[in-house]
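A.B. asks: Below are the structure tokens for one structure; questions will follow.
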Amino acid sequence: MRILLIEDETKVSNFVTRGLSAERYAVDTAPDGSSGIAFSQSYHYDLIILDLMLPKVSGGEVLKLIRRKDTNVPVLVLTARDSIQDKVDIFEAGADDYLTKPFAFAELLVRVKALLRRGPVNRASSIHIVDLELDRLSQHVKRAGKRIDLTSKEYALLEYLMSNSGRALSRTMIIEHVWDQSFDGVTNIVDVYVRHLRSKIDDGHSRKLIRTIRGVGYAIEEEGDS
Amino acid sequence: MKFRSLRFRITAWYAGLLTLSLLLFGVSVYLGLDHYLESSLRKNIGEEARSIGDKVLEDIDKNGEKYVIEETGENYAPEINGRFIRITRQDGSRLYQSNPPKDNSFDPTLVSVNSQPWDSASYRREFVGGEALVLYPYVYSTPEGKRFLIEVGAPYHEISNVLHGLILILALGTPLIVAAAIAGGYWMMQRALQPLNEIAAKAELLGYRNLKERLPLVHSGDEVERLSVSLNRMISRLDYSFQHINRFSADVSHELRTPLTILRGELETIAQQRVSTEHLEMIGSALEETDRLSKIVDQLLSISRLDAGEACREVVRLDLGNLATSTADQLRLLADEKSISLVFNVTPNVFVEADQIRLRQVIANLLDNAIKYTHPGGMVEVSVSSSENVAVLQVQDNGVGIAPAALPHIFERFYRSDLARSRSSGGSGLGLAIVKAICVAHSADVTASSTEGRGSCFRVEWALASGSASFADRPTADALAKVTKSAEQNDSTH
């Protein structure tokens, strides 16, 4: 998978490149709009990550030019501006997704993966993690064959963790996915719900599935039986 | 009537000054007239006395005393003219004495005998039976050398009648003039000040949200016009600086985002390396702080957007009670954690028009706040009600409360009522500022009341949307359902 990163802040492009390379993506970087356009026209990319505030040619212009040439390549926009109007403009210009700075790398990765597997999304009706099983149809959750009762919020939280298993999810991501942005200011709602979920899932089991990643968020073990 | 109003004060001042000058004028006219009348009366009786001497007494030897008596009575007719005339011979005996005047105002016989020496005789005043007389003694020597004292007197009431008339005119005229001046002046002041009132009323309505509006311009070419023009210039400058502040905090927030992104990215990269648990802890802590910084930047930006009126675009009709209960349900676990009971007291069918995400944010922030500052085992009550044209959302707790000194500041950005407590609970210090900004953006009103140690109450008042149940005319449940239904139908037809 080849990704083009158009970003003028060297430090940002450095750590994004490093992180994406660690995930085995091939990353090309362009430090400004015009070279970004040049790259995008010279090679075929599976995904373009585009910063909106660029020298020479603005991100918006770059996006329009890319869309004129290639309508299919998914474009993820990075922006420091997040007003409703900005978001509308970004989507109207043809972006597939956007991410507001500052972002957790984990969140960038989740979005990159989601964009790369666009099309028929593999949504299995059930997910297994070690001995934990979640059935999306019946909304039943079992650990070691034993049924666990969850409230709807706890279920939504677990489902979100499990469908991104092995990946750290930030509190902001969890809030926006499980609640909505109205609850963003509420101090420790995610922690409280995770604590409750954890007591229902992990208590009494020697293998703890839900992990806290300090400063980042929460993650559940990698998918699969082991 | 407002006694401190400019209109009242100016009118009172000049009415006072006018009255004073009219009084001074009246007094001087009175005194002047009095003086003039008295001197002309004296001149008058003096001339009369001299003329009696020159014309009547001159030939007394030739014509005899009888002639003098008759001539005086006939020519000078003291009774008809209301005069007193007495002629005394040198030996003190009386030659002539006038009879009482026809109006009987004084009795001539009672007028005292001249006691002064003849060569120094001068005007004198005398009261005769309640009537004041002015007397002029004139010593006349005939060519033959006989001397006579001619006394002519006139009553003062001739003068005082005129003066009384003057006083009457002044006493009636002065208040009339003053009253007319007050009425006219008051009216004119109203005309002159009316534009000021209009300007004041309009200025009252200006807040930082509608600084684009301007005060009415008065094209009168006077000070009022100048005032309205300068006020408008001042509003323009205010508008500019508000925009500037807003733009500034938005710009700062944006500029902070890139370094925060880098900070976060680098820290995460380090965390991926093989580092000791101890270092991992430190990196985690640093990451948490960048998170907090990001949150502050986000919230600041969000407030400046709300202040600029950009953030509430999707205004829809919402059932406040439903929204409050559903929002509280999402936070229930926070309350359960501390064994705080959430109590609802919700009137159905209270509708407001608002941006749903924002309204929910208000409720979530207030509830979060209430739960945070309530002791385990306490209670938080959410109530929704309506009174005339107002929808009321109230979040009440029986927690630690707010100190009276802190109460006026709790909606300010970064205000912390209790440093230690707030730090440990990890708030950004912007939660209530956001609540306030959202309310202001919706023209709603948020207030807090509290008793320290007993609990706090936050009250939000929104304009009631159509179709709500209100206290003013609370319909029966059936009628209510119908009203709601028809309101919903109305909505769907739009």
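Order-wise, the sequence lines are chains A and B. Numbers given in the numbering used here equal positions in the first sequence, counted from 1, plus 168. Numbers given in the numbering used here equal positions in the second sequence, counted from 1, plus 240. Where is the CB? At the ideal position from N, CA and C, for every residue including glycine.
Using a Cβ-Cβ cut-off of less than 9 Å, give me the residues of the region 516-537 of chain B that come near chain A, in sequence order.
C.D. replies: Cβ contacts with chain A come from L520, E521, I523, G524, S525, A526, L527, E528, E529, T530, D531, L533, S534, K535, V537.
A.B. asks: Compare the Cα-Cα distances from R454 of chain B to each of B:E444, B:A440, B:V418, B:N472 and report the closest residue.
C.D. replies: When each option's Cα is compared against that of R454 of chain B, the closest is B:N472.
A.B. asks: With a floor of 4 residues, list each alpha helix (DSSP H) that falls wholly inside the region 259-315 of chain B, ordered by position along the chain.
C.D. replies: Runs found: 300-303.
A.B. asks: At a Cβ threshold of 8 Å, is P270 of chain A touching chain B?
C.D. replies: So, interface residue.
A.B. asks: Quick check on DSSP: helix, strand or coil for R186 of chain A?
C.D. replies: It is helical.
A.B. asks: Using beta-carbon positions only, say whether V583 of chain B and E554 of chain B come within less than 8 Å of one another.
C.D. replies: No.
A.B. asks: Out of B:I327, B:E495, B:D637, state which residue places its alpha-carbon closest to the alpha-carbon of L540 of chain B.
C.D. replies: The shortest C-alpha separation from L540 of chain B is found at B:E495.
A.B. asks: Does chain B have any CB closer than 8 Å to the CB of Y361 of chain A?
C.D. replies: Y361 of chain A counts as touching chain B.
A.B. asks: Helix, strand or coil: which one does DSSP assign to K722 of chain B?
C.D. replies: No answer about K722 of chain B holds up, because its pLDDT of 40 lies below 50 and its placement is not dependable.
A.B. asks: Whose C-alpha, out of B:D479, B:M474, B:P435, is nearest the C-alpha of D462 of chain B?
C.D. replies: Closest option to D462 of chain B, Cα to Cα, is B:P435.
A.B. asks: Among B:E398, B:Y254, B:S352, which one has its Cα closest to the Cα of R209 of chain B?
C.D. replies: This structure cannot settle anything about residue 209 of chain B, because the visible part of chain B is limited to 241 through 734.
A.B. asks: Helix or strand or just coil, what does DSSP make of D265 of chain A?
C.D. replies: Strand at D265 of chain A.
A.B. asks: Give me the subset of the region 180-196 of chain A whose CB atoms are less than 9 Å from a CB atom of chain B, sorted by chain position.
C.D. replies: Residues passing the 9 Å Cβ filter: V180, N182, F183, V184, R186, G187, A190.
A.B. asks: Extract the residue ranges of the beta strand (DSSP E) inside the region 232-256 of chain A, only unbroken runs of 3 or more that lie entirely within it.
C.D. replies: Counting whole runs of 3 or more residues, the region 232-256 of chain A contains the beta strand (DSSP E) stretches 243-247.
A.B. asks: Name the two residues that bound the continuous beta strand (DSSP E) containing N585 of chain B.
C.D. replies: Residues 581-586.
A.B. asks: In chain B, what lies closer than 7 Å to F273 of chain A by C-beta?
C.D. replies: Near F273 of chain A (Cβ distances below 7 Å), the residues of chain B are G505, E508.
A.B. asks: Could you tell me whether the Cβ of V354 of chain A comes closer than 8 Å to any Cβ of chain B?
C.D. replies: For V354 of chain A, the answer is yes, since a Cβ of chain B falls inside 8 Å of its Cβ.
A.B. asks: Within 8 Å (strictly less), CB to CB, does Q497 of chain B reach chain A?
C.D. replies: Here the sequence assigns Arg to residue 497 of chain B, which means Gln is not the residue at that position. With 8 Å as the cut-off, R497 of chain B counts as an interface residue toward chain A.
A.B. asks: Relative to the C-alpha of S627 of chain B, which residue among B:R572, B:L704, B:D547, B:K676 is closest?
C.D. replies: Closest option to S627 of chain B, Cα to Cα, is B:L704.
A.B. asks: Taking the continuous beta strand (DSSP E) assigned at Y655 of chain B, which residues delimit it?
C.D. replies: Segment: none, Y655 of chain B is in no beta strand (DSSP E) and carries neither H nor E.
A.B. asks: With a 10 Å radius around its C-beta and 16 neighbouring C-beta atoms as the bar for buried, classify A660 of chain B as buried or exposed.
C.D. replies: The predicted position of A660 of chain B is uncertain, since its pLDDT is 40 and thus under 50; a value taken from the coordinates is nonetheless stated next. That one is exposed.
A.B. asks: Please state the DSSP three-state secondary structure of H296 of chain A.
C.D. replies: Of the three classes helix, strand and coil, the one that applies to H296 of chain A here is strand, per DSSP.
A.B. asks: Kindly indicate the opening and closing residues of the alpha helix (DSSP H) around P383 of chain B.
C.D. replies: Counting along the chain, P383 of chain B falls outside any alpha helix (DSSP H), and DSSP gives it neither H nor E.
A.B. asks: Shortest alpha-carbon distance to P341 of chain B belongs to which of B:A394, B:R334, B:L408, B:T312?
C.D. replies: Cα-wise, what sits closest to P341 of chain B is B:A394.
A.B. asks: Which residues in chain A have a C-beta closer than 7 Å to the C-beta of H494 of chain B? List them in chain order.
C.D. replies: Within chain A, the residues near H494 of chain B are A248, R249.
A.B. asks: Can you tell me the Cα-Cα spacing of K722 of chain B and G707 of chain B, whole angstroms?
C.D. replies: Legend: pLDDT at K722 of chain B = 40, less than 50; position of this residue unreliable, value from coordinates given subsequently. If you take the alpha carbons of K722 of chain B and G707 of chain B, they lie about 10 Å apart.
A.B. asks: DSSP three-state call for D685 of chain B: helix, strand or coil?
C.D. replies: Reduced to three states, the DSSP call for D685 of chain B is strand.
A.B. asks: If you pair each beta-carbon of the region 329-337 of chain A with each one of the region 273-282 of chain A, do three or more pairs fall below 8 Å?
C.D. replies: These segments touch.
A.B. asks: Do T498 of chain B and V360 of chain A come within 8 Å of each other at the CB atom, strictly closer than that value?
C.D. replies: No, the Cβ-Cβ distance between V360 of chain A and T498 of chain B is not below 8 Å.
A.B. asks: Please state the DSSP three-state secondary structure of K376 of chain A.
C.D. replies: Correct three-state label for K376 of chain A: coil.
A.B. asks: Between the C-alpha atoms of T452 of chain B and D479 of chain B, what's the straight-line distance to the nearest angstrom?
C.D. replies: The sequence given here has Lys at residue 452 of chain B, not Thr. Rounded to the nearest angstrom, the two C-alpha atoms are 7 Å apart.
A.B. asks: Run the CB neighbour count on Y266 of chain A, radius 10 Å, all protein chains shown included, and call it buried at 16 or more, exposed below.
C.D. replies: Per the 10 Å Cβ criterion, buried.
A.B. asks: Give the straight-line distance between the Cα atoms of R247 of chain B and S468 of chain B, rounded to the nearest whole angstrom.
C.D. replies: Near 19 Å, if we compare the C-alpha coordinates of S468 of chain B and R247 of chain B.
A.B. asks: Over the uninterrupted alpha helix (DSSP H) stretch that includes W702 of chain B, give me the two end residues.
C.D. replies: Looking at the DSSP string, W702 of chain B is not in any alpha helix (DSSP H); the run it does join, the beta strand (DSSP E), is 695-703.
A.B. asks: Please state the DSSP three-state secondary structure of S338 of chain B.
C.D. replies: Looking at S338 of chain B - three-state DSSP - the assignment turns out to be coil, as it is neither helix nor strand.
A.B. asks: Confirm, please, whether the CB-CB distance from I343 of chain A to V358 of chain A is below 8 Å.
C.D. replies: Yes, Cβ-Cβ distance for V358 of chain A and I343 of chain A is below 8 Å.
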